[in-house]
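The next block holds one structure in the form of structure tokens; read it before the comments.
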Amino acid sequence: MALAVIGAALMGFMIGLAGTATGGLFVLSFQRPSHRTQTLLIGFSGGVMLAVVFFDLIPESWQAGGWAACLIGTLTGVALIRLLDQGLTSLSRNRTRRLSRYTRTGLLLGLGIALHNFPEGVALGTVYTASTNPGGWIGLALLMALHNIPEGMVMAAAMRLGNIRIRKVIWALVLVELPMGVGAALGGFFGELSALSTSLSLAFAGGAMLYITLDELFPAASELGGWFWMTVGTAGGGLVGAALTRIVQAAG
């Protein structure tokens, strides 16, 4: 049993990291992009995030726990991230070197992604330890890795625009996957989360990502290169995000 739990934890962490790192390293491969390219990239990332929220997190939360749990989780996610945003802004004012908008956005995104990764890890750990057919958890693992690619893209994009060193961005991408490993270990040991807990956690992550996208990403993109290029990027990201979500749902 102990070996199975350890295996679930390692598997959850590595699978999550594979997807997030793929998306993050893709973004980091761009060298000093123009303002227009940055605007397109941020808009694209925001579009992907909106697609994940409205086509994945919110519907799954609603299905798991009903509209009340979904609404409570979403509003709580928005409220907490808003408080953290205000706290980071206040902290930045008292520092010699202020945190840029992009740095704050990257940190908040990291928190939202970490919160979202925990229930994913629980699901993977449960299937990993309970399944007698390796194809079952391997398929789920591949889908989760695919799902994490856009999350790594948007987080890396925001942090790089905040002039955070590439090494630190990579470490941040690693750290946000730790909750997935912890969740996988708990899922392997205790089994699945209750439907209500799953619903609240998914909705919470959805609310957090929704706030970050609308209050941080889109205004930042508009300031860089204007509403037109932001809209083009958002439309492209929304289409890609919706397609990825549909592929994951169809395969699952």
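Read in order, the letters of the sequence shown are residues 0 to 251 in numbering that gives the first Met the number 0.
A virtual CB, placed ideally from N, CA and C, is assigned to each residue, including glycine.
- Per DSSP, reduced to three states, the secondary structure at residue 162 is coil, with no helix or strand assignment.
- Distance between residue 7 and residue 157, taken at the CA atoms: about 31 Å.
- By the neighbour-count criterion, in which a residue is buried when 16 or more other Cβ atoms sit within 10 angstroms of its Cβ, residue 164 is exposed.
- The count of Cβ pairs closer than 8 Å, one atom from the segment 224 to 243 and one from the segment 73 to 81, stays below three, leaving the stretches out of contact.
- Scanning its chain for C-beta atoms nearer than 7 Å, with the 5 sequence neighbours on each side dropped, one finds around residue 173 the residues 16, in chain order.
- Setting aside the 5 residues that flank it on each side, residue 197 is surrounded in the same chain by 63, 118, each with a C-beta closer than 6 Å to its C-beta; the list follows chain order.
- In this structure, DSSP gives residue 175 a state outside helix and strand, which the three-state scheme calls coil.
- Ranked by Cα distance from residue 155, the first of 2, 12, 41, 125 is 41.
- With a contact defined as Cβ atoms closer than 8 Å, residue 209 and residue 60 miss out at about 12 Å.
- Separation of residue 223 and residue 176 (C-alpha to C-alpha, rounded to the nearest whole angstrom) is 30 Å.
- For residue 245 and residue 47, the gap between their C-alpha atoms comes out near 13 Å.
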